[in-house]
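First up is the structure itself, then whatever we jot down about it.
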Amino acid sequence: MKLLKKKKFLKRILAFFMLGSIIFIFLSNFLKPKWNYPLFGDNNSESLRTFYRQERGVNDVIFLGTSHCIYGISPMEIYCQEKINSYNLGTSIQQIGTTYYLLKEVLHRQNPKVVIMDVSGLFLIENEDETDIAWRYVLDEMPLGRNKIEATLEYAKTMQNQFEGSEKINYIFPVLFPIIKYHDRWQSLCQNDFEKRNDYYTNGYCMNTNVYNRGVTMEQMNDVAQYLVQTSLWKSENESFCLEEKHLYEAKISEKNKEWLRKIKSVCEENGTELLLVKIPTIDFPQFYPSSWTIYRSEEMKRISNELDIPFLDIMYDTEIEIEIEHDFCDGGRHLNYSGSKKISDYLAEYLVNEYKLVSRQNESMDRKLEFYNKVTEVANLQIEYNLDSYLARLFEKKENYIICIAACDDMNISLTENNIQLLQKLGVQLHEKGRKDSRYSLIALIDSGEKIYESMSNQLIEYCYTTIDGIDIAMKSSGWHGASTAQIYINGVDYACNTRGINFVILDKRTGQIIDSVCFDTYLQEQNCVHRDAFKHLEEYRLKLMKMEY
Amino acid sequence: MTFVGLQFCFFCGMTILFYFLFPKKNRWLVLLFSSIIFYCTWSLKIIYYIVFSIICAYCCSIAIYNKNKKAEIYLKEIDLSSEEKKNYMHKNKNECKLILAVGLLFILSALIFTKGYRLYHKSFIAPVGISYYTLSLVAYMADVYWKKIKEPEHNILKLALFAMYFPKILQGPICKFQNISKQLFDNHEFEYENLCFGIQLMLWGYFKKIVIADRLMMFVNSVFDNIDRTSGCMVVVAAILGSFQLYCDFSGCMNIAEGFSQILGISLEKNFNHPFFSETAAEFWRRWHITLGVWFKDYIYMPLVVSPTLIKLSGKIRSRFGKRSGKAFITIVPLSCVWLLTGLWHGTGWNYVIWGCFWGSIIIISTIFDPEIQKVNLLLHIPVNSSIWHFFRKIRTFLLFSFTRIITIPNNFLTSKEALKLIIHKFNIWELFDGSIFLVTDTMNRANFMLVFLCIFLLGFVSIIEEKRGSLRKVISEQPIIFRWSLYYGLLFSIIIFGIYGPGYDAAGFVYMQY
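Chains as they are written, first to last, in this note's numbering: chain A, 1205 to 1755; chain B, 906 to 1420.
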């Protein structure tokens, strides 16, 4: 009787612990930050999560590195070009130690022929705020195993070195039980935490279509770097000045990081994998952005690559890819946008075939992803377009899929070319004869699925309202220089127009009902400068909606 | 090692496992061993203090016992006249008194030294729980002297366990030897019910400590640490929340200690009995830190009340100034001593002296002028039996306690003075509604305030049920398994999710641990 009772209690305790463990694991995953859009642009979690769900041995090429790598190399573009299967395992601020353990994970699960590593991580200096988060991006998604344990111990050691008096155990436990670190996220949960997580379709690449140019040229960057690299920090000590060893801009690779690179090389050799070091372009003043790729770092890297006998390809200084500072960066020279990454990816695809003799391998899962990827790039290509003729041609090509809202502001036709007018007319916008000749007119045009719904030109303020079959309310307002100089395009009550001089477009995708682009071409000036508004935001919203519809 | 942390949970688990796996006869050795380990985790250096105190108490009690026994045998064997017997007993008592005095001097000097030394050397590490084990050992020696303990403990290791038993060493309860010794040294069987009830109580303790008290501490400390940048309104809120913080902190620790002991089959004395339901100051202190109040009553108040000198003096006053004056005198003197010592026990700064005097005065005045207060109530036609009046008295006592928190939270009287000035000169009640309260500290935002109020509401709900129906755990145990398990998981995961711990938060020690 007593034994039976004991057994019953034992079973009950066991059941309680098992159910508790299930709830614990669920809550741990739920409270863990997702590091994804819309809160976080780099998609670290989703990228790593998708990598771990991949079949073993599917990737011939793996990319590793910091955010420069995430934004700079698109595996889908490479697959599209040469049918080479690859995965971008770049993570934000990826420290070289983290790269090493990620590489070990890669070699444990995949059998890549080539590993391409962006060298930014070699120059990263550990600091309190960034080191922790950089490791956590990777460790939080890494499944429990030998590599995770080793990486956790390394992480704890690194953190302990930074915070004197702290104990290793305080860093190890929160990795093994992430709820310890993230439990107080209950107060900052957002939509992202409740949404179903799908496989990431870009294979780790982050597509950003914003265009932002700070105007820093490569020459200016290197001039400033020349000064900074020779200047040391001064610090006051006991009323006399002494020189610290730290420079304002560090172009040297530390011994510790060099050691990590040696380890990376040897682990690649052990697995018969080729290692290629690359550098994705980054142009900004080094005093503002220490990861800028100056000539000094390039020279240092070449010296180290010779010393360690690892091939190094400096895409910025040693190739003929024409990276345009005006159009190819999303945040003022620091990270490439879709336009820039396309150039790099196409170049690398060719390079891999020529140098490493990689052969095409058709892959069903990649084909499926590519299909989706192409749908997104269709919008992305529109968003990175800065030539009015090309833009109008693209619109014409897919006019059945779009609702095109056009509103002019201030002065729209001083520099309007014949070609522009022809393309506009092809699209359905006839442009009034008088309005075409005289400047400073208002213009409103609405084209739904290639069919002109409304067009009006005047020298006064004009307004128009329209409701589509799907119930989307559109209200437009335009006024040339004679009026209030305004262009407003309201979609369901929100004004999406750039409202700057020239022709303002707002493009709606009919299938998803999402705004896919808001752009203004300044047709007053001959340069016809173009500004896309909230391009990345529109792209991600479109992508999320499309994903929901297709998966 | 404090009661909060994974290390402590692991330590408890191991102790329970070894306790029930060990041969029944020597299970108390497991408790002694784990208590020593627990104490050593604080610092090996400070273990000398407690060892010294245990040796003193052991030698003193054995010496008193032997002296008394010898005297008993002597009186039995040798035929003496009653006068001679009286003289011999008197002499024996004086000798015992001397031994007790020497023992007390040694033990108390260690306590006074550490408290005094800490005043001037802030970096000095005072032995953990010195106030608690010293009072326990003093009570033990006094009880041996007064023969309340018929036979002192002959095994010094068992006496060491009594003094060092780790669940009670940090914050009490201050147990009497005769109440706990049998339980500590007895052989307990593992019981499923004890395990469930014990874990429930521990979880409730952790909930109070790391979800409520530590969350409130962030706000309270922020207000008093930045007194030059705060307002009177915030001081009032901090004082009120500070009362809940202290209650949850202290009673939470007690629940953890009680819960752990219950798993082993040991029942610790109750230290709290819903003090915020008290209607008078005296009742409040009968419900708050009960074992300390009992200690002061038994070992300070009662000896003073029955001391011949005080009785003689009271008689003189009575004959000269009247009966009431005599009665007042015998009330004022012992209570003043008790409250001055209570204040000093809590801390050696002036704020603690003032705090003790304040509570002493309130209790003395309400005792002496009770007839007048009754008359005023009658005159004003106050319905003293109505529930509104009872509720008013409860709120009044709570506010009184909250007011004294202004004196004790800052640890120095200058800050307390500044806080009181702010209440008078810079008080704007609108700050409660314009969101200023959420800006006091980054960590206490709107969501945290909402959560903490919900928790206080839950605390009040549980307290009301316990006050009316007794043990809530018994009520829970009668419910279906789905309800019970949901409750357990709810409590457990509330602690895990809403607790204040982990990177970004400093592990908070218990407030009463410093005494």
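Yeah, the Cβ is synthetic: ideal placement off N, Cα and C, and Gly gets one too.
Tell me which residues share the same chain as residue i and place their Cβ nearer than 6 Å to its Cβ, disregarding the 5 neighbours each side in the sequence.
i                   : result
Val-1580 of chain A : Arg-1747
Met-1349 of chain B : Met-1123 and Phe-1124
Gly-1684 of chain A : Arg-1644, Tyr-1645 and Ser-1646
Thr-1727 of chain A : Met-1616, Ser-1619, Leu-1620, Gly-1706 and Ile-1707
Asp-1713 of chain A : Ile-1720
Val-1199 of chain B : none
Asn-1333 of chain B : Cys-1138
Glu-1334 of chain A : Ile-1297
Give me, in chain order, the residues of the same chain whose beta-carbon lies closer than 8 Å to that of residue i; leave out the 5 immediate sequence neighbours on both sides.
i                   : result
Phe-927 of chain B  : Leu-934 and Val-935
Ala-1412 of chain B : Bear in mind that the predicted position of Ala-1412 of chain B carries a pLDDT of just 49, short of 50, making it unreliable; the figure below should be weighed with that in mind. Taken in chain order, the residues that qualify are Thr-907, Val-909, Gly-910 and Tyr-1406.
Gln-1491 of chain A : Val-1428, Leu-1432, Leu-1452 and Tyr-1453
Gln-1424 of chain A : Phe-1489
Where do the ends of the beta strand (DSSP E) carrying residue i lie?
i                   : result
Glu-1098 of chain B : Element bounds for Glu-1098 of chain B: not the beta strand (DSSP E) but the alpha helix (DSSP H), 1097–1111.
Phe-1381 of chain A : Looking at the DSSP string, Phe-1381 of chain A is not in any beta strand (DSSP E), and its letter there is neither H nor E.
Asp-1614 of chain A : 1606–1614
Ala-1723 of chain A : The question names Ala, but residue 1723 of chain A is Val in the sequence shown. Per DSSP, Val-1723 of chain A belongs to the beta strand (DSSP E) from 1719–1725.
His-1736 of chain A : 1734–1736
Cys-1669 of chain A : 1666–1671
Tyr-944 of chain B  : Counting along the chain, Tyr-944 of chain B falls outside any beta strand (DSSP E), though it belongs to the alpha helix (DSSP H) covering 932–945.
Ile-1693 of chain A : 1690–1695
Met-1661 of chain A : 1655–1662
Met-1680 of chain A : 1677–1684
Return the Cβ separation of residue i and residue j in integer angstroms, given the expectation that the two are a contact with Cβ distance under 8 Å.
i                   : j                   : result
Thr-1356 of chain A : Ile-1376 of chain A : 6 Å
Lys-990 of chain B  : Leu-980 of chain B  : 6 Å
Leu-1106 of chain B : Gln-1167 of chain B : 6 Å
Tyr-1304 of chain A : Trp-1464 of chain A : 6 Å
Lys-1630 of chain A : Phe-1600 of chain A : 6 Å
Ala-1015 of chain B : Leu-1042 of chain B : That pair is no contact at about 10 Å.
Thr-1196 of chain B : Gly-1077 of chain B : 6 Å
Lys-1113 of chain B : Ser-1156 of chain B : 6 Å
Tyr-1025 of chain B : Ile-1079 of chain B : 27 Å between Cβ atoms; not a contact.
Gly-1632 of chain A : Asp-1674 of chain A : Actually they are not in contact, since the Cβ atoms of Gly-1632 of chain A and Asp-1674 of chain A sit about 20 Å apart, beyond 8 Å.
Thr-1346 of chain B : Thr-1185 of chain B : That belief does not hold up - the Cβ atoms of Thr-1346 of chain B and Thr-1185 of chain B are roughly 35 Å apart, past 8 Å.
Gly-1627 of chain A : Leu-1596 of chain A : The identity of residue 1627 of chain A in the sequence shown is Leu, whereas the question assumes Gly. So it is a contact: roughly 4 Å between Cβ atoms.
Pro-1072 of chain B : Ile-951 of chain B  : Rounded, the Cβ-Cβ distance is 19 Å, inconsistent with contact.
Cys-1273 of chain A : Ile-1484 of chain A : 6 Å
Ser-1249 of chain A : Lys-1238 of chain A : 5 Å
If I measure Cβ to Cβ from residue i and keep anything under 7 Å in the same chain, skipping five residues before and after, which residues do I get?
i                   : result
Ile-1329 of chain A : Glu-1454
Ser-1219 of chain B : Gly-1231, Phe-1234 and Ile-1235
Ser-1292 of chain B : none
Ile-1457 of chain A : Leu-1326, Phe-1327, Glu-1504 and Ile-1508
Smallest Cα separation from residue i: which of the options?
i                   : options                                           : result
Leu-1479 of chain A : A:Thr-1523, A:Tyr-1551, A:Tyr-1560 and A:Val-1420 : A:Tyr-1560
Asp-1119 of chain B : B:Gln-1150, B:Asp-1130, B:Gly-1110 and B:Ala-1143 : B:Gln-1150
Lys-1097 of chain B : B:Ser-1382, B:Ser-1136 and B:Phe-1112             : The amino acid at residue 1097 of chain B is misidentified as Lys; the sequence shows Tyr. Nearest C-alpha to Tyr-1097 of chain B: B:Ser-1382.
Asp-1091 of chain B : B:Val-1141, B:Leu-1169 and B:Ala-1352             : B:Leu-1169
Ser-1399 of chain B : B:Ile-1370, B:Ile-1387, B:Ile-1369 and B:Cys-1360 : B:Cys-1360
Val-1262 of chain A : A:Tyr-1275, A:Gln-1566 and A:Ala-1597             : A:Gln-1566
Leu-1319 of chain B : B:Tyr-1204, B:Cys-1001 and B:Phe-1129             : B:Phe-1129
Glu-1259 of chain A : A:Asn-1233, A:Leu-1268, A:His-1312 and A:Trp-1239 : A:His-1312
Cys-1613 of chain A : A:Lys-1602, A:Leu-1592 and A:Leu-1665             : A:Leu-1665
Leu-1066 of chain B : B:Gly-1375, B:Phe-1297, B:Trp-1260 and B:Ile-960  : B:Ile-960
So the alpha helix (DSSP H) residue i belongs to, where does it begin and stop?
i                   : result
Ser-1086 of chain B : 1082–1090
Val-1652 of chain A : Before going further, note that residue 1652 of chain A is Asp rather than Val in the sequence given. Here Asp-1652 of chain A belongs to no alpha helix (DSSP H); instead the beta strand (DSSP E) covers 1646–1652.
Val-1563 of chain A : From DSSP, Val-1563 of chain A is part of no alpha helix (DSSP H); its letter is neither H nor E.
Leu-1762 of chain A : The structure shown does not extend to residue 1762 of chain A, since chain A spans only 1205 to 1755, so no value can be given for it.
Taking 6 Å as the cut-off, is the C-beta of residue i nearer than that to any heavy atom in the ligand ADP?
i                   : result
Thr-1270 of chain A : No copy of the ligand ADP appears in this structure; indeed no ligand is present at all.
Checklist entry - In chain order, which alpha helix (DSSP H) runs of at least 4 residues are fully inside the region 1280–1355 of chain A? => result 1300–1313, 1324–1327 and 1332–1343
Checklist entry - Which ranges would you report for the alpha helix (DSSP H) in the region 1155–1212 of chain B if only whole runs of at least 4 residues count? => result 1186–1192, 1195–1201 and 1207–1210
Next on the checklist: Ignoring anything shorter than 3 residues, give me the beta strand (DSSP E) runs that lie fully in the region 991–1073 of chain B, in order along the chain.
Outcome noted: none
Item to check | Those runs of the alpha helix (DSSP H) which lie wholly inside the region 1218–1282 of chain B and span at least 4 residues | outcome: 1228–1251 and 1255–1273
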